[in-house]
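Note that the first sequence covers residues 779 to 1217 in this note's numbering.
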Amino acid sequence: MRRTLIVELKNFINKDVKVQGWVQTIRDQKEVQFIVVRDHTGLIQFVLERSKNAKLAEEVSNLTTESAVTLIGRVVENPIVKLGGFEVQLHDLRVESSASLPLPFDLFGRVQPELDKRLDWRFLDLRQPNNFFIFRVQTTLEMGMREYWYSQGFIEIHSPKLMGSESESRAELFKLEYFGKTAYLAQSPQLYKQMAMAAGFDKIFEIGPVFRANPSFTSRHDTEFTSVDVEISWIDSHEDVMSFEEKWIQHAFSLLKERHGEEIFEKNDVEIKVPSIPFPRITMKEAIEILRKQGYMPPPDKKGDLDPQGERLLCEYVKNNYGHEFVFLKDYPVAVRPFYHMRYENDPLTTKSFDLLWKGLEITTGAQREHRYDVLTKQALEKGLRLEPIQFYLDFFKYGCPPHGGFGFGLTRTLMGLLNLKNVREVTYLYRGPNRLYP
RNA sequence: GGGGGCGUAGUUCAGCUGGUUAGAACGCCGGCCUGUCACGCCGGAGGUCGCGAGUUCGAUCCUCGUCGCUCCCGCCA
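Have a look at this one:
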């Protein structure tokens, strides 16, 4: 007999079915027993009158919640049943894998355990439909992104995560032993995705892991996370990159709203807003002026950048004055950007760069890249970098590299915003942080 | 790395300016219950109060140290 998913059972009234899933609740009464079973599509009640099958009734009495079971029975309409107005009369039961009791925590209790406890037992935590739902949303979001890339002729790449040399900022690199040498885990595909431009790939994307050796203890940082990267050739400036990104986000959000908008609203109490184009653009100079007028002074040690509080205030300002959730904050000072960001010809202290802020959070950093070998080399030296470890990278620009730019986009931070969750750990399949390497 | 907050039953929490057998809800175990659906009723088990030291006649409570968790800042996606 083939398995029937719980969501399909309504089409099998008065038919025999096989259901496979987890025991969520057992209501074991003297004359009649009820089992509520869950699979990834829903819940269904099974019923057994003890007098009809004493042996089976005994098996039901011995069930434990969260055991993995196969159940066979006949679907019958029953308006009394609150769970959909029908139920399944139990004919047979097989325990595939019993759950020992007590469980580490009550999966469907009135209150959730602390996040840390849930992460210790992530596989149980993810049995909860609301948590499973996060990954359905993630799948659709990535699908939306891919649809748009594919329609625009982008190529997908998978760059290596093992690197032979320190690249941009050595401080945040994980070091590891590599056959007697030292290797590093990539903190970004930055250098390798630019190679695709030198290789003539024209437009590329990558969705993959990145590693940051920062001891960051916040709700929005992890030491390993999924980065979404894009790089585009033959651009005129970072404006072209921004206008790509806003269309791309609009497309992905619109698919997400269509597929899951209602369910997200029900489950997470937040509306998916498909953003209008163009997104507001504000230069860093303007942003600081705006915040000053509101009485907020960015800390002087930020060298012309905003702190998280400033970013939250700016988002609030844009929401109130432009009616928009997103804002491109652009033209950052050279001091706070890496050596490969291109600078303005007529304003050498300003880079052709941007961040994308959404709901108070940085979700993107992007820029036009410096593609001129001599200028790039000069900027690297200026930033105090040694050329030798990055010579392989500098070589990309020695033999004909088109002007290009791109961005890195934080998938988990975006999911947080989409689902109104307050911690990246919630939306990360298995979180990795300074104090967590298990499970 | 700097700062704040929190560690009490399996889970979430309460515990009075320091006082005798440390409580509740849910979960778990046993019994009862003809249709439950947050099932209900009766009973039970379960705690080195994170750990160590100090103050005190007496510490879950006050002090110090330590470990763990959490949030903010720094760093960034």
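For every residue, glycine included, the Cβ atom is placed at its ideal position computed from N, Cα and C. Please read these numbers as outputs of a predicted model, since none were measured by experiment.
Could you spell out where the alpha helix (DSSP H) holding residue 855 opens and where it closes?
-> No alpha helix (DSSP H) contains residue 855, which is instead part of the beta strand (DSSP E) from 846-855.
What are the boundary residues of the alpha helix (DSSP H) that residue 1016 is part of?
-> Following the DSSP letters along the chain, one finds residue 1016 inside the alpha helix (DSSP H) bounded by residues 1016-1046.
Tell me, which residues are paired with residue 944 by DSSP?
-> Bridge partners of residue 944: none, in fact.
For residue 872, which residues of its own chain have a beta-carbon under 7 Å away from its beta-carbon, when the five flanking residues on both sides are left out?
-> Take residue 872, set aside five residues on each side of it, and the residues of its chain with a beta-carbon closer than 7 Å to its own are 847, 848, in chain order.
Taking the continuous alpha helix (DSSP H) assigned at residue 928, which residues delimit it?
-> From DSSP, the alpha helix (DSSP H) with residue 928 extends over 907-929.
Cβ separation of residue 829 and residue 876, assumed to be a contact under 8 Å, to the nearest whole Å = Rounded, the Cβ-Cβ distance is 26 Å, inconsistent with contact.
Chain-order list of residues whose beta-carbon lies under 8 Å from that of residue 817 (same chain, five-residue window excluded) | Scanning its chain for C-beta atoms nearer than 8 Å, with the 5 sequence neighbours on each side dropped, one finds around residue 817 the residues 783, 784, 797, 798, 799, 800, in chain order.
When the Cα atoms are used, what is the spatial distance from residue 1131 to residue 1096?
-> Cα to Cα, the separation comes out at about 19 Å.
Look at the Cβ atom of residue 1005, then the Cβ atom of residue 1144, and state whether they are nearer than 8 Å.
-> Contact flag unset, no.
List the DSSP bridge partners of residue 1123.
-> In the DSSP secondary-structure assignment, residue 1123 is not bridged to any residue.
Measure the CB-CB distance between residue 1013 and residue 932 and report whether it falls below 8 Å.
-> No, these two residues do not count as a Cβ contact at 8 Å.
Based on Cα-Cα distance, which residue from 1057, 791, 1038 lies nearest to residue 1027?
-> Taking only the C-alpha atoms, the option nearest residue 1027 is 1057.
Cα separation between residue 941 and residue 820?
-> Cα to Cα, residue 941 sits roughly 45 Å from residue 820.
By Cβ distance, which residues of its chain are closer than 8 Å to residue 1121, with the 5 residues on each side in sequence left out?
-> The answer, listed in chain order, is 1112, 1127, 1128, 1129, 1130, 1148, 1157.
Which stretch, first to last residue, makes up the alpha helix (DSSP H) that contains residue 987?
-> Counting along the chain, residue 987 sits inside no alpha helix (DSSP H); it lies in the beta strand (DSSP E) bounded by residues 981-989.
Can you list, in chain order, the residues of its chain whose CB lies under 6 Å from that of residue 1008, leaving out five sequence neighbours each side?
-> Here the set comprises 983, 1184, 1185.
What does a CB cutoff of less than 6 Å around residue 1146 pick up in its chain, not counting 5 residues either side in sequence?
-> A distance below 6 Å between beta-carbons, with the five flanking residues on each side excluded, links residue 1146 to the following residues of its chain, in chain order: 1015, 1016, 1120, 1130, 1183.
Taking C-alpha atoms, which residue in 832, 859, 810, 881 lies nearest to residue 843?
-> Per the Cα distances, 881.
Leaving out the 5 sequence neighbours to the left and right, which residues in its chain are closer than 6 Å to residue 992 when beta-carbon positions are compared?
-> Cβ within range, chain order: 950.
Count the C-beta pairs between the stretch 1197-1207 and the stretch 1038-1050 that are closer than 8 Å, then say yes if the count reaches three, no if not.
-> Segments in contact, yes.
Of the listed residues 1173, 1205, 1194, 1203, nearest to residue 761 (C-alpha basis) | The chain is shown only over 779 to 1217; residue 761 falls outside these bounds and no answer can be derived.
Cβ atoms of residue 952 and residue 963: under 8 Å apart, would you say?
-> Yes, Cβ-Cβ distance for residue 963 and residue 952 is below 8 Å.
Please classify residue 1109: is it buried, with 16 or more other beta-carbons within 10 angstroms of its beta-carbon, or exposed?
-> By the 10 Å Cβ count, residue 1109 comes out buried.
What do you reckon, are the CB atoms on residue 853 and residue 795 nearer than 8 Å?
-> The answer is yes: Cβ separation under 8 Å.
What does a CB cutoff of less than 7 Å around residue 975 pick up in its chain, not counting 5 residues either side in sequence?
-> The answer, listed in chain order, is 1009, 1011, 1179, 1180, 1182.
Residues bridged to residue 1204 (per DSSP) | Paired residue(s): none; residue 1204 is not in a bridge.
Presumed contact (8 Å Cβ cut-off) between residue 1191 and residue 1202, rounded CB distance | Residue 1202 and residue 1191 do touch by the CB rule: their CB atoms are close to 7 Å apart, below 8 Å.
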